[in-house]
Every structure is written in C-alpha cells, then in structure tokens.
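Numbering (my numbering), first residue to last: 1 to 105.
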C-alpha cells in the first residue's frame with residue numbers, strides 16, 4: 001500500500017484551560033544536540049536588564065524539520081492573504097525595545 005493510499009488519520013486534541021491562553025514571546029533562541037532541538041521562547045520587556053524564558057519546547061530533529069515545513073507553509077499562506085512580512089538580516093540586531101521613557105513609581 002502506497003503512502004497516498006493510506007486513510008488520513010485525525011487526532012483529537014484537548015487543550016488545558018491554563019494553556020489555552022498561550023504565552024507571549026518576542027524572541028526565540030534555538031540550540032541543538034545530535035538528538036534534539038531546544039527552542040526557548042523569551043519575553044523582553046522595555047527597561048528590564050534581562051529577558052525571561054516564558055516557554056521551552058524540546059523536539060526531535062524530525063519534528064523540528066516538520067515544524068520548519070509547517071511554518072514555511074503557513075508564512076506563505078499569511079503573506080498571500082496579508083502581504084509580505086518585512087525581513088530582518090539573519091543574526092541582525094534585535095529590534096529596539098525602548099518604547100519611551102522609563103516609568104517611575
């Protein structure tokens with residue numbers, strides 16, 4: 001039986017209430033070893049000396065590649081609907097996070 005002859009599988013997904021709201025991230029750091037990819041999602045706040053890791057995802061290399069393909073496909077669909085996303089240079093500077101004067105209490 002060839003792959004295209006296989007019936008499509010559906011997965012029922014349940015999401016916990018505390019996870020459903022998501023986690024905001026404005027920076028990701030990716031590391032890898034021979035057996036896994038680790039993606040740390042961080043939140044950088046203006047005027048704060050360090051970023052906080054909000055979530056960490058650990059993937060096998062095969063799942064990391066699937067994620068790459070899924071992101072590429074979804075970015076193409078997004079750009080078809082909403083227009084091109086402005087690119088930044090790989091390894092370029094992090095966008096400025098100073099959104100105005102520092103607050104004082």
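Where is the CB? At the ideal position from N, CA and C, for every residue including glycine.
Check: Beta-carbon spacing of residue 79, residue 85 below 8 angstroms; Outcome: yes
Check: For residue 28: DSSP bridge partner residues; Outcome: 41
Check: Status (buried if at least 16 other CB within 10 Å, exposed otherwise) for residue 37; Outcome: buried
Check: Nearest-angstrom Cβ-Cβ length linking residue 44 and residue 31, presumed shorter than 8 angstroms; Outcome: Incorrect: roughly 18 angstroms between the Cβ atoms, too far for contact.
Check: Sequence-distant residues of its chain with Cβ nearer than 6 angstroms to residue 58 (five each side left out); Outcome: 36 and 38
Check: Nearest-angstrom beta carbon gap, residue 23 and residue 40 [assumed within contact, 8 angstroms]; Outcome: Not really, about 12 angstroms apart at Cβ, beyond 8 angstroms.
Check: Local conformation of residue 59 per DSSP, three classes; Outcome: strand
Check: Host alpha helix (DSSP H) of residue 20 (start-end); Outcome: 17-20
Check: Helix, strand or coil at residue 52 [DSSP, three-state]; Outcome: strand
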